[in-house]
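First comes the structure, then the notes that go with it.
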Amino acid sequence: MKYRLSILFGIIITFYSCSTDEKYKDTSLSDRDRAIDLTSQLTLEEKVLLMGGFDGASSNAIPRLGIPSISFINGPIGVGTEIGTAFPAGVAFAATWNEELIHEVGVAMGNESRAKNVGILLGPCVNIHRHPIGGRNFESYSEDPFLSGRMGVNIVKGVQSKRVPTSVKHYALNNQELERGSYSAELDERTLREIYLAPFEMIVKEAQPMTLMAAYNKMRGEHCTENEHLLTTILRDEWGFEGFVMSDWDAVHSTAKAVKSGLDFEMPGKPKYLNSEKLIKAVEDGDLTEEEIDERVINVLAVFFKSGVLDDPETLPKGELDTPKHRKLAKKVAEEAIVLLKNTSLPGQSDILPLNKTEIKSIAVIGPSGDPTVIGGGGSSEVVPSYSVSPLQGLKKKLGEDVKIEYINAVDLSLEDWDAIESEYLIPPGGKEGEHGLKAEYFNNEYFTGEPALTRVDKNIDFDWGQGSPGENVIVDRFSSRWTGYLIAPKTGNIKLGLTTNDGSRLWIDDELFINNWGTRGPKLNGKKIYVEKGRKYKIRIEHVEAGNNASAEFSWQLDIPKQKFDKEAIALAKKSDVAIVFAGLSPEIEREAYDRDNMDLPGAQDDLINAVAAANKNTIVVMTSGSPVTMTDWINNVPGVIQSWYLGQETGNAIADVLFGDVNPSGKLPTTFPEALEDSPGYKYYSKTPDVAEHGEGVYVGYRYFDTKDVEPLFPFGHGLSYTTFEYSDLKIKEQGEEVIVTLSVTNTGQVKGSEIVQLYVHDVEAKIDRPVKELKGFVKVELESGVTQSIVIALDKRAFSFYDVEADDWVAEPGEFEIMVGASSRDIRLKERYNLK
């Protein structure tokens, strides 16, 4: 007791020894106490400046009190500014199932953030893979909340070990990109808690992230940036979150409501709603109190203190950038992420993989992903590395002059040969004879409301305004444009119409929505085929919103649709080579932020190419570059070997070459189910092309929970991945130890080479008062074993592992009774089972 009193007395003396206006400089105080004191010394005008950005990537400074401007940098898979290490994509992180390795990545990202003076690293992205076509699946981790949560915990702990705040995103339910700024996710509370919030909860409670990013979309009719149930009731009151909540860029839609609901900070700057004028007016009008402003500012400043930006820079960890250690780590992650999907033998031969260096004299490298390197998916997660290694380069580096390696792309995935539609084919509404173009209306807001600031006839839509204005009286940023009139068809037959805009656009034809290009993004073409009759006039309406920075818009067409075909030289090359490797897949132009794919199909003539190469050379291997499943049923039975390589970052080629030739034994496993067809996925029938409402009708049956419970056969199940060796499971035992259930088993490498196995533990509630999935992942361990070696595996389960969210009780409930503990190599490859009676 005396010791505690002396400590308390010392704290009091230290506190009062500081001058009144310098208590916040006392490092013996808590971060929150320091933030409270500093906030008390700010004027209202200064406080509100700390609730929003200064520009697109930084906060406001308050020089009078030494509060600096800090930078916000994209960071799900690396530090996305200037040169840095380009690690594999988020889905590849999860495919490693290696928590220690991913923690190392987090530490490396923290080091690179320090080297670049990053204030807040925007990531990780832990949204659930709900739809196989989700544009941002590559950036997030998994369809499973437990696996997603474990990956996120380790990234956050690693980055923040260097006192760099992370911003876990996107909270919550941003599981599709289509209409992400407006759709309302409709779902029951159990589904919300068990599937979509579970990874966020795990990360908040275990890793204590300094910030969270509120998502664009709505939940139950309210934007996530002003959803009190999400931001306050759950996040702060239940989970105990102590950091600050920031918005995604341009995701805020109110002032007082957002602040009262729990939003602390709006980006980018100058904020639209949490700006000085609106916040001060809200206080003056009584819509907000200054105490409510103080609460938000304290949250922000507490993070500033915790991260050290207000203290002596010499006390902070030192950074390091693009080091040999980081490059080696990027390669290690890439190697462990690769999933061997299929590996079969030809008559009288062994499995096609690994390839034998001494027997192969020639290799045909074919396909669009072979060269140059496809580093990652598109959008804000892109990282610029100092170098990258393509599959072609990796193979040449490994094999040298001993093997003849020839490359042909064979398939053109570019979006060229689109022409802006000429004015002679456009007529404004009520136009005079001989008048051509479209009626244009420009509004000084993003909502097409009020009187237009400018009305005119534009000859066509082919504009690049840069950071300027479309014309006199139109503001530079955050304006909207509407074009109306008629399109005269120049021919009879199929043509393609396209919109390319910086930020969002939509095209209606005869009052039906035809192209939906909505969202905040850089310029990207969205084109679609339509059958037209020569000379007929089609009523059109185009709407465009400019959300900030650069602005451009083009309305274009392809009158002669290029037939998808592949270069026949690829077949000749395949025929004369010992082995043909087809590097197929997607690209950052196709799989990217702000867009969902239309389907799971491979673009271009890649399916035909694979089949033709397989027919020409029986030793054909397909290496798939994508962050999500693609349709493989047209060719999967025609090739003996298939590898899923995801997006592997700067070391892509070296990692793939090592796996192909057995220098690395593949150990990755699928973090998401690969369906045979898009229609087989549980969310398919609830996915709308114009989703004002995103109905989550499948409930908790997301991913393998649906496939396994409803007995729908996938192409490759969740957790699937082959090895060049084999593993045997044995001796499953279950015992209670305090509050935990301890599961032990033995795993033996029964093959001829060293390899790693990912042991997956699933729990099944044998009899529950509600419907529950037939199995749910609740634990996993990755273990590396030499040939013939046996190792004991231990997995601890807490009460939550047996629980479901009881809506009536508004709490997690673990019903006493019988459970089945299942251990296996995938959700469909269960090796051992035991019953356990939960008391």
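Every number in the working numbering is 231 more than the matching position in the sequence shown, counting from 1.
Even for Gly, the Cβ is constructed at its ideal location relative to N, Cα and C.
None of the values given here were measured: they were computed from a predicted structure.
The segment 559-579 makes contact with the segment 875-884; the number of CB pairs closer than 8 Å reaches 3 or more.
Between residue 304 and residue 310, the C-beta spacing is below 8 Å. Contact between the segment 955-973 and the segment 1050-1058 is present: 3 or more CB-CB pairs across the two stretches fall below 8 Å. Under the DSSP assignment, residue 1068 falls in the beta strand (DSSP E) whose first and last residues are 1060-1069.
Taken through DSSP and simplified to helix, strand or coil, residue 377 comes out as helix. Ranking 952, 912 and 926 by CA distance to the CA of residue 940 puts 912 first.
Taking 8 Å as the cut-off, the beta carbon of residue 345 is found no closer than this to the beta carbon of residue 539.
As DSSP reads the structure, residue 687 sits in a beta bridge with 671.
Excluding the 5 residues flanking it on each side, residue 318 has same chain C-beta neighbours closer than 7 Å at 308, 309, 336, 561, 564 and 880, in chain order. Assignment of residue 747 by DSSP, reduced to helix, strand and coil, places it in the strand class. Distance from the CA of residue 986 to the CA of residue 1021, rounded to the nearest whole angstrom, comes to 12 Å. Pairing residue 514 with residue 521 gives a Cβ-Cβ distance under 8 Å. The closest CA to that of residue 284, considering only 294, 503, 295 and 447, is found on 503. The beta carbon of residue 795 lies closer than 6 Å to those of 835 and 836 in the same chain, with the five residues before and after it left out.
Checking the DSSP bridge columns, you'll see residue 968 partnered with 971. In terms of Cβ geometry, residue 390 and residue 341 form a close pair [threshold 8 Å]. Residue 883: member of the alpha helix (DSSP H) spanning 883-891, first to last residue.
Bridge partners of residue 782 according to DSSP: 697. Under the three-state reduction of DSSP, residue 511 is assigned to helix.
If the five residues before and after residue 930 are omitted, its C-beta is found closer than 6 Å to the C-beta atoms of 422, all from its own chain and listed in chain order. DSSP, read as helix, strand or coil, puts residue 444 in strand. Judged by their CB atoms, residue 718 and residue 769 are nearer to each other than the 8 Å cut-off. Runs of the alpha helix (DSSP H) lying entirely within the segment 813-876, each at least 4 residues long, are 837-847 in chain order. Assigned with DSSP and collapsed to three states, residue 411 falls in coil, not helix or strand. For residue 927, no alpha helix (DSSP H) segment is defined, and its DSSP state is neither H nor E. Taking all protein chains in view, the Cβ of residue 827 is crowded by 16 or more other Cβ atoms within 10 Å, so the residue is classified as buried. Taken atom to atom, the span from the alpha-carbon of residue 548 to that of residue 954 is near 40 Å. In this chain, residue 286 is not harboured by any alpha helix (DSSP H); it is covered by the beta strand (DSSP E) spanning 284-286. In this structure, the beta-carbon distance from residue 445 to residue 494 falls below 8 Å. Bridge pairing for residue 455: absent [DSSP]. Taken in chain order, the unbroken stretches of beta strand (DSSP E) that lie wholly in the segment 455-487 and span 3 residues or more are 475-478. Counting C-beta atoms within 10 angstroms of its own C-beta, residue 427 has 16 or more neighbours from the protein chains shown and is therefore classed as buried.
In the DSSP annotation of this structure, the continuous segment of the beta strand (DSSP E) that includes residue 570 starts and ends at 570-574. Residue state for residue 627 is assigned as helix, using DSSP reduced to three classes.
Taking C-alpha positions only, residue 655 is separated from residue 721 by approximately 10 Å. Setting aside the 5 residues that flank it on each side, residue 863 is surrounded in the same chain by 946, each with a C-beta closer than 7 Å to its C-beta; the list follows chain order.
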